[in-house]
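Novice: Protein chains in written order, with UniProt numbering: chain A, 1 to 360; chain B, 1 to 360.
Can you read through this structure? Questions will come right after.
There are 2 protein chains.
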Amino acid sequence: MSRVYNFSAGPAVLPEEVLKEVAEEMMDYRGCGMSVMEMSHRSKMFDDIIQETEKDLRDLMHIPDNYKVLFLQGGASQQFAMIPMNLMKNRVADYIVTGQWAKKAWQEAQKYGKANKIASSEDKTFSYIPDCSDLPISEDADYVYICENNTIYGTKYKELPNTKGKLLVSDVSSCFLSEPIDVTKYGIVYGGVQKNIGPAGMVIAIIREDLITEDVLPGTPTMLTYKTHADAGSMYNTPNCFCIYVCGKVFKWLKKMGGLEAMKERNEKKAAILYDFLDQSEMFRGTVEKKDRSLMNVPFVTGNKELDAKFVKESQAAGFENLKGHRTVGGMRASIYNAMPIEGVEALVAFMKKFEEENK
Amino acid sequence: MSRVYNFSAGPAVLPEEVLKEVAEEMMDYRGCGMSVMEMSHRSKMFDDIIQETEKDLRDLMHIPDNYKVLFLQGGASQQFAMIPMNLMKNRVADYIVTGQWAKKAWQEAQKYGKANKIASSEDKTFSYIPDCSDLPISEDADYVYICENNTIYGTKYKELPNTKGKLLVSDVSSCFLSEPIDVTKYGIVYGGVQKNIGPAGMVIAIIREDLITEDVLPGTPTMLTYKTHADAGSMYNTPNCFCIYVCGKVFKWLKKMGGLEAMKERNEKKAAILYDFLDQSEMFRGTVEKKDRSLMNVPFVTGNKELDAKFVKESQAAGFENLKGHRTVGGMRASIYNAMPIEGVEALVAFMKKFEEENK
Numbered sequence: 001m002s003r004v005y006n007f008s009a010g011p012a013v014l015p016e017e018v019l020k021e022v023a024e025e026m027m028d029y030r031g032c033g034m035s036v037m038e039m040s041h042r043s044k045m046f047d048d049i050i051q052e053t054e055k056d057l058r059d060l061m062h063i064p065d066n067y068k069v070l071f072l073q074g075g076a077s078q079q080f081a082m083i084p085m086n087l088m089k090n091r092v093a094d095y096i097v098t099g100q101w102a103k104k105a106w107q108e109a110q111k112y113g114k115a116n117k118i119a120s121s122e123d124k125t126f127s128y129i130p131d132c133s134d135l136p137i138s139e140d141a142d143y144v145y146i147c148e149n150n151t152i153y154g155t156k157y158k159e160l161p162n163t164k165g166k167l168l169v170s171d172v173s174s175c176f177l178s179e180p181i182d183v184t185k186y187g188i189v190y191g192g193v194q195k196n197i198g199p200a201g202m203v204i205a206i207i208r209e210d211l212i213t214e215d216v217l218p219g220t221p222t223m224l225t226y227k228t229h230a231d232a233g234s235m236y237n238t239p240n241c242f243c244i245y246v247c248g249k250v251f252k253w254l255k256k257m258g259g260l261e262a263m264k265e266r267n268e269k270k271a272a273i274l275y276d277f278l279d280q281s282e283m284f285r286g287t288v289e290k291k292d293r294s295l296m297n298v299p300f301v302t303g304n305k306e307l308d309a310k311f312v313k314e315s316q317a318a319g320f321e322n323l324k325g326h327r328t329v330g331g332m333r334a335s336i337y338n339a340m341p342i343e344g345v346e347a348l349v350a351f352m353k354k355f356e357e358e359n360k
Numbered sequence: 001m002s003r004v005y006n007f008s009a010g011p012a013v014l015p016e017e018v019l020k021e022v023a024e025e026m027m028d029y030r031g032c033g034m035s036v037m038e039m040s041h042r043s044k045m046f047d048d049i050i051q052e053t054e055k056d057l058r059d060l061m062h063i064p065d066n067y068k069v070l071f072l073q074g075g076a077s078q079q080f081a082m083i084p085m086n087l088m089k090n091r092v093a094d095y096i097v098t099g100q101w102a103k104k105a106w107q108e109a110q111k112y113g114k115a116n117k118i119a120s121s122e123d124k125t126f127s128y129i130p131d132c133s134d135l136p137i138s139e140d141a142d143y144v145y146i147c148e149n150n151t152i153y154g155t156k157y158k159e160l161p162n163t164k165g166k167l168l169v170s171d172v173s174s175c176f177l178s179e180p181i182d183v184t185k186y187g188i189v190y191g192g193v194q195k196n197i198g199p200a201g202m203v204i205a206i207i208r209e210d211l212i213t214e215d216v217l218p219g220t221p222t223m224l225t226y227k228t229h230a231d232a233g234s235m236y237n238t239p240n241c242f243c244i245y246v247c248g249k250v251f252k253w254l255k256k257m258g259g260l261e262a263m264k265e266r267n268e269k270k271a272a273i274l275y276d277f278l279d280q281s282e283m284f285r286g287t288v289e290k291k292d293r294s295l296m297n298v299p300f301v302t303g304n305k306e307l308d309a310k311f312v313k314e315s316q317a318a319g320f321e322n323l324k325g326h327r328t329v330g331g332m333r334a335s336i337y338n339a340m341p342i343e344g345v346e347a348l349v350a351f352m353k354k355f356e357e358e359n360k
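The following block contains the structure:
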């Protein structure tokens with residue numbers, strides 16, 4: 001077995017010890033004689049798994065009691081509809097468009113009401129986060145929507161927008177559990193798990209209880225009603241059991257690593273290694289405004305497409321996977337999620353230095 | 001490692017050799033240095049997996065070229081909304097209600113149009129399949145809906161209903177790949193994979209191409225529009241990659257076992273062992289009409305609740321898991337899906353004989 005350094009933007013690298021445990025428990029989960037994949041979701045064994053998974057997440061994020069934790073299918077893309085269908089009582093919402101995913105969410109919301117784009121950074125290929133201290137928040141806005149870390153472009157909100165008292169809804173898919181957050185600042189904070197937490201196929205949505213009601217837009221499917229899932233402890237129908245199980249193991253790993261405070265420190269250290277190099281390199285440079293740099297997704301270019309392609313090819317041959325940038329941006333991108341070890345970033349920078357010297 | 005005989009109705013037993021392979025490939029899939037869970041869904045490696053999975057399913061089921069195969073999230077419960085949202089052009093559909101899942105589908109469809117219950121077996125606790133040779137099919141029905149195998153009650157359509165030329169939509173979750181079917185008889189044939197195929201968290205929908213259009217009901221979310229997924233080869237957003245991978249392995253296993261013709265023979269043999277015993281036992285009896293018996297789910301009772309409870313308890317202690325019947329039916333239920341070996345059914349019948357003798 002030989003593992004590579006995997007810089008994929010998602011699905012992405014998982015902690016090696018988690019994978020090892022999953023493999024060991026595959027034929028026989030803790031003496032029960034079956035795999036977690038084979039367990040009835042109504043069994044005591046699986047109930048223990050989902051309960052403990054939720055509890056560990058609540059501990060890690062300090063989730064207050066008046067917030068529900070839901071394990072949902074369909075990805076963030078399904079939330080783009082689910083959010084307006086459940087929250088748009090006045091049929092008005094404000095969207096801050098800082099990348100492709102925020103834009104898709106904004107476009108989807110237009111099906112259900114007046115979705116206002118109150119700020120955007122599309123003028124400069126989403127390479128920055130707009131000033132959100134005094135935006136024209138709509139008087140009757142049901143919520144203000146953001147995508148907190150922009151996977152493709154490599155930006156992140158360092159401060160939450162001033163919503164002027166309106167509810168904040170945030171997609172944190174690519175910065176989920178990368179640092180502590182104050183859950184009470186959000187109405188809904190949610191993310192797909194396939195970047196920083198587990199295998200693809202699940203969203204975790206953390207929702208303030210009073211927002212979970214039967215008063216949804218007409219025609220909202222039962223499965224797209226938060227209340228359906230909240231009332232059933234995320235088991236209205238069979239959930240993605242295996243994903244819940246793997247996420248649970250990642251939560252244990254995060255606790256062992258020291259929790260989100262420690263992860264933040266580690267992530268800052270990792271990102272600094274890469275950004276410091278980019279800032280002094282004569283060949284490579286980062287593509288986003290320094291103040292808005294993501295700790296998780298680091299896009300960079302040489303400024304020469306052929307050289308970019310050469311770098312991607314040679315880095316792969318050297319054991320660095322998935323460094324090619326998103327097709328809409330080009331260049332390179334290193335996603336350095338929680339599970340990427342510091343050694344992976346150090347090795348990448350060493351490789352970049354060598355490449356720079358060899359290709360001056 | 002000690003494996004039990006797992007009679008769970010779903011999630012359910014998987015082939016041991018599939019689990020073994022999954023465990024072996026967990027840290028390093030075929031020398032690529034990562035787990036399938038860690039792979040970008042846009043990578044060549046994963047593309048090979050999803051393509052081969054679809055191809056093997058097409059081979060197994062002889063799916064014609066004018067049918068699309070979609071890998072979707074949200075379970076059958078989400079299809080209950082997705083089907084009317086995509087197909088109810090006239091806002092009329094006919095439902096045959098033969099169990100809890102057909103009933104839920106019928107109820108959900110009422111949100112979107114006139115959903116007629118044209119037949120039901122609820123009068124006798126869903127213990128039979130109604131005569132469907134000459135039902136009052138609505139003249140303007142967009143489709144006729146059935147649940148082909150009723151997991152909870154243990155019934156199965158031995159013949160498809162006469163839809164009088166209308167489109168047939170069928171939920172085959174609990175008989176998926178248990179025997180050959182003629183796909184051309186369906187407009188949509190779909191099922192959750194967590195019973196007969198793989199881990200929970202995915203539905204496979206096989207849809208006639210001409211039914212996949214942009215002409216959906218107003219307010220249909222992008223993610224609930226079949227065309228979204230069909231146009232993107234089930235990768236509009238990140239799919240349940242790990243589930244696709246495991247299902248792919250089960251398809252290889254089915255091919256190796258001789259395909260669906262061989263599975264049918266094997267399943268009939270397995271079911272006969274259990275039904276033959278039930279028919280001659282003086283303690284146990286099956287709960288459904290013989291002509292409508294499912295090959296997959298076999299509910300049975302002693303007629304005495306205390307004895308039922310004793311049986312469930314003692315069978316579990318003897319290594320037979322999940323024999324307790326569904327809470328709405330009581331008694332016992334043995335789900336004997338494709339991956340349940342004949343030896344498991346033989347061992348169960350031997351145990352039942354012993355129990356009968358000991359408790360006369």
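Cβ coordinates follow ideal geometry from the N, Cα and C atoms, glycine included.
Quick check for students: name the residue ranges of the beta strand (DSSP E) that lie wholly in the segment 146 to 208 of chain B, counting only runs of 3 or more.
Specialist: Fully enclosed beta strand (DSSP E) runs of 3 or longer: 168 to 171, 188 to 192, 203 to 208.
Novice: With distances taken from CA atoms, which of A:E289, A:T302, A:G219, A:I204 is nearest M61 of chain A?
Specialist: Start at 1 with the first residue of the first sequence, and residue 61 of chain A comes out as number 61. Checked all of A:E289, A:T302, A:G219, A:I204; the closest Cα to M61 of chain A is A:I204.
Novice: Under 7 Å between C-beta atoms, does E108 of chain B make it to chain A?
Specialist: In the second sequence, the residue the question calls residue 108 of chain B occupies position 108. By this cut-off, E108 of chain B is an interface position.
Novice: Could you name the residues of the segment 130 to 155 of chain A whose beta carbon sits closer than 8 Å to any beta carbon of chain B, in the order they occur along the chain?
Specialist: If the cut-off is 8 Å between Cβ atoms, the segment 130 to 155 of chain A has nothing near chain B.
Novice: Using a threshold of 7 Å, state whether the C-beta atoms of G99 of chain A and Y153 of chain A are closer than that.
Specialist: For the purposes of this step, residue 99 of chain A is taken as residue 99 along the first sequence, with counting starting at 1. For the purposes of this step, residue 153 of chain A is taken as residue 153 along the first sequence, with counting starting at 1. Yes, Cβ-Cβ distance for G99 of chain A and Y153 of chain A is below 7 Å.
Novice: Quick check for students: name the residue ranges of the alpha helix (DSSP H) that lie wholly in the segment 72 to 105 of chain B, counting only runs of 4 or more.
Specialist: Whole alpha helix (DSSP H) segments, 4+ residues: 75 to 87.
Novice: Let me check you understand the geometry: is the CB of Q280 of chain B closer than 6 Å to at least one non-hydrogen atom of the ligand NAD?
Specialist: This structure lacks the ligand NAD, and indeed carries no ligand of any kind.
Novice: Helix or strand or just coil, what does DSSP make of R30 of chain B?
Specialist: Within the second sequence, numbered from 1, the residue matching residue 30 of chain B stands at position 30. Residue state, collapsed to three classes: helix.
Novice: Which stretch, first to last residue, makes up the beta strand (DSSP E) that contains S335 of chain A?
Specialist: Against the first sequence, residue 335 of chain A aligns to sequence position 335. Looking at the DSSP string, the run of the beta strand (DSSP E) that includes S335 of chain A is 332 to 335.
Novice: Can you tell me where the beta strand (DSSP E) holding I118 of chain B begins and where it ends?
Specialist: Start at 1 with the first residue of the second sequence, and residue 118 of chain B comes out as number 118. Looking at the DSSP string, the run of the beta strand (DSSP E) that includes I118 of chain B is 114 to 120.
Novice: For G267 of chain B, report the span of its alpha helix (DSSP H) as first-last.
Specialist: On the second sequence, position 267 is the one that residue 267 of chain B refers to. Contrary to the premise, residue 267 of chain B reads as Asn rather than Gly in this sequence. Note, N267 of chain B: alpha helix (DSSP H), 259 to 280.
Novice: Determine which residues share a DSSP beta bridge with P341 of chain A and list them.
Specialist: Within the first sequence, the letter at position 341 stands for residue 341 of chain A. Its beta-bridge partners do not exist; DSSP assigns none.
Novice: State the beta-bridge partners of E321 of chain B as determined by DSSP.
Specialist: Taking the first residue of the second sequence as 1, we reach residue 321 of chain B at position 321. For E321 of chain B, which the question treats as bridged, DSSP gives the partners B:N6.
Novice: Could you say if the segment 125 to 132 of chain A and the segment 178 to 197 of chain A meet the contact criterion of at least three C-beta pairs nearer than 8 Å?
Specialist: Output reads no: the segment 178 to 197 of chain A does not touch the segment 125 to 132 of chain A.
Novice: Whole beta strand (DSSP E) runs in the segment 280 to 315 of chain B with 3 or more residues, listed along the chain?
Specialist: With a minimum length of 3 residues, the continuous beta strand (DSSP E) runs that stay inside the segment 280 to 315 of chain B are 297 to 301.
Novice: Report yes if the C-beta distance between A339 of chain A and T238 of chain B is below 7 Å; otherwise report no.
Specialist: Within the first sequence, numbered from 1, the residue matching residue 339 of chain A stands at position 339. Within the second sequence, numbered from 1, the residue matching residue 238 of chain B stands at position 238. No; because the gap between Cβ atoms is not below 7 Å, this pair is not in contact.
Novice: What whole-angstrom Cβ distance do D56 of chain B and K252 of chain B have, given they're in contact under 8 Å?
Specialist: Within the second sequence, numbered from 1, the residue matching residue 56 of chain B stands at position 56. Within the second sequence, numbered from 1, the residue matching residue 252 of chain B stands at position 252. Going by Cβ atoms, the distance from D56 of chain B to K252 of chain B rounds to 6 Å, so yes, they are a contact pair.
Novice: State the Cα-Cα distance for the pair N359 of chain B and V349 of chain B, rounded to the nearest angstrom.
Specialist: To locate residue 359 of chain B, count along the second sequence from 1; it is residue 359. To locate residue 349 of chain B, count along the second sequence from 1; it is residue 349. If you take the alpha carbons of N359 of chain B and V349 of chain B, they lie about 15 Å apart.
Novice: I'd like to know if E17 of chain A contacts chain B, where contact means its C-beta is closer than 7 Å to some C-beta of that chain.
Specialist: Within the first sequence, residue 17 of chain A is the residue found at index 17, counting from 1. False, the Cβ-Cβ gap to chain B never drops below 7 Å.
Novice: Quick one: does R3 of chain A have its CB under 7 Å from some CB of chain B?
Specialist: One-based indexing of the first sequence puts residue 3 of chain A at position 3. It does: the Cβ of R3 of chain A has a partner Cβ on chain B nearer than 7 Å.
Novice: Within the same chain, show all residues whose beta-carbon is closer than 7 Å to that of S138 of chain B, passing over the 5 residues directly before and after it, in chain order.
Specialist: Locating residue 138 of chain B in the second sequence gives position 138, where the first residue counts as 1. Result list for S138 of chain B: V92, D94, N116, in chain order.
Novice: Return the CA-CA distance between A105 of chain A and F80 of chain A, expressed in angstroms with no decimal places.
Specialist: Within the first sequence, residue 105 of chain A is the residue found at index 105, counting from 1. Within the first sequence, residue 80 of chain A is the residue found at index 80, counting from 1. Distance between the alpha carbons of A105 of chain A and F80 of chain A is about 5 Å.
Novice: Consider the Cβ of L14 of chain A: report whether some Cβ of chain B lies at a distance smaller than 7 Å.
Specialist: Residue 14 of chain A sits at position 14 when you count from the first residue of the first sequence. Judged by the 7 Å Cβ criterion, L14 of chain A is in contact with chain B.
Novice: Quick one: is G201 of chain B near chain A, going by C-beta distance under 7 Å?
Specialist: The sequence position of residue 201 of chain B within the second sequence is 201, counting from 1. It does: the Cβ of G201 of chain B has a partner Cβ on chain A nearer than 7 Å.
Novice: For G31 of chain B, count neighbouring C-beta atoms within 10 Å of its own C-beta (all shown protein chains included) and say buried if the count is 16 or more, exposed if not.
Specialist: For the purposes of this step, residue 31 of chain B is identified with residue 31 of the second sequence, where counting begins at 1. Exposed: under 16 other Cβ atoms inside 10 Å.
Novice: Considering only residues of the same chain and omitting the five flanking positions on each side of N267 of chain A, which have a CB-CB separation below 8 Å?
Specialist: Residue numbering aside, residue 267 of chain A sits at position 267 when the first sequence is read from its first letter. Closer than 8 Å at the Cβ level, and outside the excluded window around N267 of chain A, lie S178, E179, L295, M296, I336, N338.
Novice: Let me check understanding here. Comparing Cα to Cα, which of B:E108, B:P161, B:E148, B:K313 lies closest to P136 of chain B?
Specialist: Reading the second sequence from its first residue, position 136 is the one you call residue 136 of chain B. Nearest C-alpha to P136 of chain B: B:P161.
Novice: Straight-line CA distance for K111 of chain A to F300 of chain B?
Specialist: For this step, residue 111 of chain A is matched to residue 111 along the first sequence. For this step, residue 300 of chain B is matched to residue 300 along the second sequence. For K111 of chain A and F300 of chain B, the distance between alpha carbons rounds to 49 Å.
Novice: Identify the contact partners of H62 of chain A in chain B, using a Cβ-Cβ distance below 9 Å as the criterion.
Specialist: Position 62 of the first sequence, counted from the start, is the residue given in the question as residue 62 of chain A. The premise fails here: H62 of chain A is roughly 28 Å from chain B at the closest Cβ pair, so nothing lies under 9 Å.
Novice: Do you know whose CA, among A:V298, A:L274, A:Q194, A:E306, lies nearest C241 of chain B's CA?
Specialist: As a working note, residue 241 of chain B is residue 241 in the second sequence. Cα-wise, what sits closest to C241 of chain B is A:Q194.
Novice: Are any of the Cβ atoms in chain B nearer than 7 Å to that of M26 of chain A?
Specialist: Here residue 26 of chain A refers to the residue found at position 26 of the first sequence. Yes - at least one Cβ of chain B is within 7 Å of the one on M26 of chain A.
Novice: Among A:A119, A:R3, A:V69, A:D134, whose alpha-carbon lies nearest the alpha-carbon of residue 362 of chain A?
Specialist: No answer is possible for residue 362 of chain A: the residues shown for chain A start at 1 and end at 360.
Novice: By the 10 Å Cβ neighbour count, where 16 or more other Cβ atoms means buried, how is K124 of chain A classified, buried or exposed?
Specialist: As a working note, residue 124 of chain A is residue 124 in the first sequence. When all chains shown are included, K124 of chain A counts as exposed.
Novice: Measuring straight from C-alpha to C-alpha, what distance separates N322 of chain B and K290 of chain A?
Specialist: Reading the second sequence from its first residue, position 322 is the one you call residue 322 of chain B. Reading the first sequence from its first residue, position 290 is the one you call residue 290 of chain A. Roughly 57 Å between the two C-alpha positions.
Novice: Considering only C-alpha positions, which residue in the set A:Q316, A:G219, A:K166, A:T53 is nearest to C247 of chain A?
Specialist: Taking the first residue of the first sequence as 1, we reach residue 247 of chain A at position 247. Considering only alpha carbons, the answer is A:T53.
Novice: In angstroms with no decimal places, state the Cα-to-Cα distance between N6 of chain A and A347 of chain A.
Specialist: Position 6 of the first sequence, counted from the start, is the residue given in the question as residue 6 of chain A. Position 347 of the first sequence, counted from the start, is the residue given in the question as residue 347 of chain A. Roughly 12 Å between the two C-alpha positions.
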